[in-house]
Amino acid sequence: MQERIIQFLKESDGYISGEEISQRLKMSRAAIWKYMQELRAQGYEIAAVPHLGYQLVACPDKFLSYEIQSGLNTKIMGKKVIVMDTVSSTMDEAFRLGNENCDEGTVVCAEAQSKGRGRLGRVWASPKGKGLYFSLVLRPSLPLNQLAQLTLMSAVALAEAIESVSALKPLIKWPNDILLENEKLAGILTELRAESDQVQFVIVGIGLNINTSSQHLPPGANSLKVAAGHSFDRTEVFQAVLRSLEKGYVKLLNHGFAQIMEDWKKRSATLNKRVRITDSSGIIEGQAIDLDEDGALLIRKDNGLVVKKSAGDVFLLR
Ligand code: BTN
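For the sequence shown, numbering that gives the first Met the number 0 gives the first residue as 0, with consecutive numbering after it.
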């Protein structure tokens, strides 16, 4: 019921009378007043003026599943949205749901993570109420060796979503770091469960620094607020990311990787740069020249030899 009242308040242009709400929701005005008190206690600022009614002045800066889903208009992403306060990592929550056979597109997000994790065993700083930290359960019909395509698609989708809600133009450092002014704004971690080459589910975990101020950012990181000079509505950003992921996912499954790879290349901070890349087999240096058809990075070493890297940590040299 609270959701419906919020929806009325949001849709009404100016004040909406208690009488109108009571008629439309078929409940007494006293009950509506009680709901308004409850909503205020949750952080909604609601003005009440005699003879005029109620008006929504401000919403709390908190993720609420019905607000995330309201007007989302996606078919897969965010079909179910679970909002948690503080968790160790949304990846673990999503894994649990994946194992319990949840629907594809189920999303778990948290206001804070105590053990947010990044690629290559790194930590993902997840201060409370400042960023977007979520994991998405997908069940793609892709073979294991093509799953890198899903990660590169997610990077393109994330960069496009950021661009749609801000005037900022993020770039992508291979494979999937989202950079602004050469500093890390967002990251993607893909984990999966597979049995004998058959993918059971994939978890795409995304961390995006939204309203994080510079003193709460790790060295070398950026946030939308720091880069744009103002705060963002985190729910609006989240919705844009989910819509963009859905668009990219449908494109990947229906039309293949070629177009996504072109979009990735247009945003690349890595191609045509000299790079140092570290992985389990050691360190190499050279010119990043292209991606192969599965999204692996091709590097031309100084001796002319071209090597292919499917994973690793890239350091941009110049
Ligand atoms: C990286 O760039 O290293 C990937 C960072 C991924 C962070 C997100 S935040 C939500 C989800 N939960 C985690 O513990 N990690 C991912």
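Built from N, CA and C at the ideal position, the CB exists for glycine as well.
Using a Cβ-Cβ cut-off of 7 Å (strictly less than) and excluding sequence neighbours within five positions of Thr-73, which residues of its own chain qualify?
The beta carbon of Thr-73 lies closer than 7 Å to those of Leu-241, Arg-242 and Glu-245 in the same chain, with the five residues before and after it left out.
Nearest-angstrom Cα distance between Ala-227 and Ser-165?
In a straight line, the C-alpha of Ala-227 is about 8 Å away from that of Ser-165.
Excluding the 5 residues preceding and the 5 following Arg-3 in the sequence, name in chain order all residues of the same chain whose CB lies nearer than 7 Å to its CB.
Hits under 7 Å: Leu-24.
My guess is that Ala-295 and Val-274 are in contact by the Cβ rule of under 8 Å, so how many angstroms apart are they, rounded?
About 14 Å; that fails the 8 Å criterion.
Can Thr-277 and Asp-312 be called in contact, C-beta distance under 8 Å?
Between Thr-277 and Asp-312, the C-beta spacing is below 8 Å.
Taking all protein chains shown into account, do 16 or more other C-beta atoms lie within 10 angstroms of the C-beta of Glu-66, making it buried, or fewer, making it exposed?
Per the 10 Å Cβ criterion, buried.
Could you pull out every unbroken beta strand (DSSP E) segment of at least 3 residues lying fully inside the region 246-281, listed in chain order?
Considered as a whole, the region 246-281 harbours 273-278 as its complete beta strand (DSSP E) runs of no fewer than 3 residues, in chain order.
Which runs of the beta strand (DSSP E) spanning at least 3 residues fall entirely within the region 33-95, listed in chain order?
DSSP runs (the beta strand (DSSP E)) wholly in the region 33-95: 44-48, 52-57 and 80-86.
Could you tell me which residues DSSP puts in a beta bridge with Asn-208?
Residue pairing of Asn-208 in beta bridges, as defined by DSSP: Gly-130.
I need the DSSP call for Gly-285, collapsed to helix, strand or coil.
DSSP places Gly-285 in the strand class (E or B) of the three-state scheme.
Got a sec, what are the start and stop residues for the alpha helix (DSSP H) Arg-3 sits in?
1-10 is the span of the alpha helix (DSSP H), which, as asked, contains Arg-3.
Apart from the five residues on each side of it in sequence, which residues of its chain come closer than 7 Å, Cβ to Cβ, to Leu-179?
If we look at Leu-179 and ignore the five residues flanking it on each side, its Cβ neighbours are Leu-167, Pro-169, Asn-221 and Ala-226.
Terminal residues of the continuous beta strand (DSSP E) containing Val-164?
No beta strand (DSSP E) holds Val-164; the alpha helix (DSSP H) holding it covers 146-164.
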